[in-house]
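Residue numbers (this note's numbering): 2 to 91.
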Amino acid sequence: MGNLHADREILRPLAERYSAIAHQDIQRQRMERYYRTTGLQEVRPVVLIDEVPWGEIRDEALVNRCELPEYRQLEGLLRCALYQWEHFQV
Numbered sequence: 002m003g004n005l006h007a008d009r010e011i012l013r014p015l016a017e018r019y020s021a022i023a024h025q026d027i028q029r030q031r032m033e034r035y036y037r038t039t040g041l042q043e044v045r046p047v048v049l050i051d052e053v054p055w056g057e058i059r060d061e062a063l064v065n066r067c068e069l070p071e072y073r074q075l076e077g078l079l080r081c082a083l084y085q086w087e088h089f090q091v
């Protein structure tokens with residue numbers, strides 16, 4: 002049986018980082034660019050990176066530490082999103 006308290010302590014800083022990134026001004030600017038692109042206005046093209054070979058990337062930042070399966074899944078999603086933010090800026 003996993004340790005619920007320990008898993009929450011692992012997830013909390015990841016969620017805080019994710020939230021901080023989501024509230025940055027650049028996110029609002031990107032949303033505006035997406036709207037302009039879909040509105041057929043001439044803007045810098047939007048580049049989406051959605052095919053990432055996660056199983057082939059070996060990085061300590063992507064190693065799950067939670068024990069409970071549902072928390073491991075959430076942790077994996079957060080770690081992948083943070084990794085993309087840190088390494089795949091376009």
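Beta carbons are placed, not taken as given, at the ideal position from N, Cα and C, and that holds for glycine.
Model, not experiment: these values are computed from the prediction.
When Cβ pairs closer than 8 Å are counted between the two stretches, the region 10 to 24 is seen to touch the region 74 to 84, the count reaching three or more. CA-to-CA, the gap between Arg34 and Gln90 works out to about 15 Å.
The distance from the Cβ of Trp86 to that of Ile27 is about 10 Å, inconsistent with a contact at the 8 Å cut-off. Cβ contact annotation for Ile50 (same chain, cutoff 6 Å, sequence separation greater than five): Phe89, in chain order. DSSP places Pro54 in no alpha helix (DSSP H); its state is neither H nor E. Pro14 sits in a helix when the DSSP states are folded into three classes.
Taking a 10 Å sphere around the C-beta of Asp8, we find 16 or more other C-beta atoms and assign the residue as buried.
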